[in-house]
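Right, one structure below, let's go through it.
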Amino acid sequence: MSVAFVHVDLDDVWALGECYGFPVPEDERHWVYRDGLPRFVEIFREFGIKATFFVVGADAEQSSPAAMLRDLSATGHRLANHSYSHNLRLRSLEETAIREEVRRAHEAIHASTGVKPIGFRAPGYGISKTLLQALTEQGYRYDSSLMPTPFGGVFRWLDGRLRKRYGTSSPQKAQYPIFSDCLTSLRPFHPTSEDSGGQRIALPLTEIPVAASPFLRLPTQAGVCMQLGYIYFAAIALLYRSAPNVPWVFLAHGVDLTDFSASRIPLLRESRFFSLPIARRCDFYRRFLERVLQLREVVLVEEWVETFG
Numbered sequence: 014m015s016v017a018f019v020h021v022d023l024d025d026v027w028a029l030g031e032c033y034g035f036p037v038p039e040d041e042r043h044w045v046y047r048d049g050l051p052r053f054v055e056i057f058r059e060f061g062i063k064a065t066f067f068v069v070g071a072d073a074e075q076s077s078p079a080a081m082l083r084d085l086s087a088t089g090h091r092l093a094n095h096s097y098s099h100n101l102r103l104r105s106l107e108e109t110a111i112r113e114e115v116r117r118a119h120e121a122i123h124a125s126t127g128v129k130p131i132g133f134r135a136p137g138y139g140i141s142k143t144l145l146q147a148l149t150e151q152g153y154r155y156d157s158s159l160m161p162t163p164f165g166g167v168f169r170w171l172d173g174r175l176r177k178r179y180g181t182s183s184p185q186k187a188q189y190p191i192f193s194d195c196l197t198s199l200r201p202f203h204p205t206s207e208d209s210g211g212q213r214i215a216l217p218l219t220e221i222p223v224a225a226s227p228f229l230r231l232p233t234q235a236g237v238c239m240q241l242g243y244i245y246f247a248a249i250a251l252l253y254r255s256a257p258n259v260p261w262v263f264l265a266h267g268v269d270l271t272d273f274s275a276s277r278i279p280l281l282r283e284s285r286f287f288s289l290p291i292a293r294r295c296d297f298y299r300r301f302l303e304r305v306l307q308l309r310e311v312v313l314v315e316e317w318v319e320t321f322g
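Residue numbering for the sequence shown follows the numbering used here, beginning at 14 and increasing consecutively.
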């Protein structure tokens with residue numbers, strides 16, 4: 014049976030504030046961990062699913078999130094690296110800064126949970142050759158930063174509208190895929206690098222493309238599907254059904270199941286997606302998972318990658 018991987022990026026509210034340029038009250042900085050993460054855990058328990066959670070290193074250094082991460086690991090879920098500071102400019106940082114983002118997050122996650130991550134996803138899908146080389150040298154087994162879709166510009170435009178309406182300070186520039194990303198494979202592959210003699214060599218690291226459907230390369234994140242409705246998700250599922258050799262990376266974000274109805278942050282309280290009733294979002298997510306399970310065997314990417322040639 015074809016496989017699917019269930020992933021959750023645990024970007025918390027403070028990271029959203031830096032992305033969109035709004036202030037975050039101290040008691041709302043870790044709202045995703047406090048309110049959203051338990052919903053994912055409960056739904057995964059209902060479905061008997063083990064997932065991979067991509068962790069921002071700065072969160073792993075906080076006592077309450079760290080305790081929750083330890084619980085995730087103890088119950089069979091996996092933890093992966095989502096950079097230290099969730100810097101959306103990761104692709105354009107200097108080589109030293111990229112390596113520091115990987116290293117600091119790795120050490121923070123290991124120190125707080127005992128887990129040494131073997132997988133990485135860049136904030137904003139900011140893949141680069143420098144990043145892949147840094148991950149290889151760190152001993153990582155896979156990266157899942159590549160979003161091979163031509164719709165990156167649409168995401169940047171939508172984010173720009175939100176920043177213009179709700180931002181009160183200078184935000185980080187959202188990345189999202191660049192056009193050349195959509196020219197790459199939808200299937201997992203080994204990236205290449207040049208050796209000292211200028212020869213192309215395959216890295217031992219596996220690149221696992223994410224959030225782009227087979228054929229049309231439509232965005233497939235759970236949050237996008239929630240906004241566009243179940244008919245859109247059903248179309249995505251049909252595309253995956255027609256491409257059994259393409260692993261389905263079903264990606265959600267912690268904010269997708271976080272109830273912001275009591276938030277004091279206007280964007281979270283008023284915007285179309287975040288103001289969607291939490292019961293409806295949970296219903297969407299359960300229906301999505303039901304369909305994924307009908308079509309695919311859900312496995313942990315950390316186990317699958319060890320069998321990839």
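Even glycine gets a Cβ: it sits at the ideal position worked out from N, Cα and C.
{"Asked": "Backbone secondary structure at proline 78 - three-state DSSP", "Found": "helix"}
{"Asked": "Cα-Cα separation, leucine 308 to valine 68", "Found": "28 Å"}
{"Asked": "Nonlocal neighbours in the same chain, by C-beta distance under 7 Å from arginine 200, ignoring five residues either side", "Found": "Asn258 and Val259"}
{"Asked": "Three-state class that DSSP yields for valine 268 in the structure shown", "Found": "helix"}
{"Asked": "Alpha carbon of leucine 52 to alpha carbon of leucine 270, nearest angstrom", "Found": "Contrary to the premise, residue 52 reads as arginine rather than leucine in this sequence. Distance between the alpha carbons of arginine 52 and leucine 270: 7 Å."}
{"Asked": "Start and end residues, beta strand (DSSP E) containing histidine 119", "Found": "It is not in any beta strand (DSSP E) - histidine 119 instead sits in the alpha helix (DSSP H) that spans 108 to 126."}
{"Asked": "For phenylalanine 321, the three-state DSSP class (helix, strand or coil)", "Found": "coil"}
{"Asked": "Between the CA atoms of glutamine 188 and proline 161 - distance to the nearest angstrom", "Found": "13 Å"}
{"Asked": "Reduced DSSP secondary structure (H/G/I, E/B, other) of proline 279", "Found": "helix"}
{"Asked": "For proline 204 and leucine 216, believed in contact at Cβ under 8 Å, the rounded distance", "Found": "5 Å"}
{"Asked": "Classification of phenylalanine 66 by the beta-carbon crowding that lies within 10 angstroms, buried from 16 upward", "Found": "buried"}
{"Asked": "Pair within 8 Å by beta-carbon distance, alanine 225 and threonine 233", "Found": "yes"}
{"Asked": "Element boundaries [beta strand (DSSP E), containing alanine 215]", "Found": "213 to 215"}
{"Asked": "Distance, arginine 299 Cα to arginine 285 Cα", "Found": "20 Å"}
{"Asked": "Local conformation of valine 45 per DSSP, three classes", "Found": "helix"}
{"Asked": "Glutamate 114, buried or exposed, once every other Cβ within 10 Å from all chains shown has been counted against 16", "Found": "buried"}
{"Asked": "Contact set for valine 312: own chain, Cβ-Cβ below 6 Å, skip 5 residues either direction", "Found": "Val16"}
{"Asked": "Glycine 139 - DSSP class collapsed to helix/strand/coil", "Found": "coil"}
{"Asked": "Threonine 126 versus Leu145, Ala80, Ile111 and Gly89, residue with shortest Cα-Cα distance", "Found": "Ala80"}
{"Asked": "Of the listed residues Ile111, Gly165 and Ala124, nearest to threonine 149 (C-alpha basis)", "Found": "Ile111"}
{"Asked": "One or two residues paired with serine 206 in a DSSP bridge", "Found": "Ile214"}
{"Asked": "Beta-carbon separation (whole angstroms), valine 262 vs histidine 20, contact threshold 8 Å", "Found": "6 Å"}
{"Asked": "As assigned by DSSP and simplified to three states, the class of valine 312", "Found": "coil"}
{"Asked": "Residue environment, alanine 292, which counts as buried when at least 16 other CB atoms sit within 10 Å", "Found": "exposed"}
{"Asked": "Arginine 277 versus Asp22, Phe35, Asp24 and Cys238, residue with shortest Cα-Cα distance", "Found": "Phe35"}
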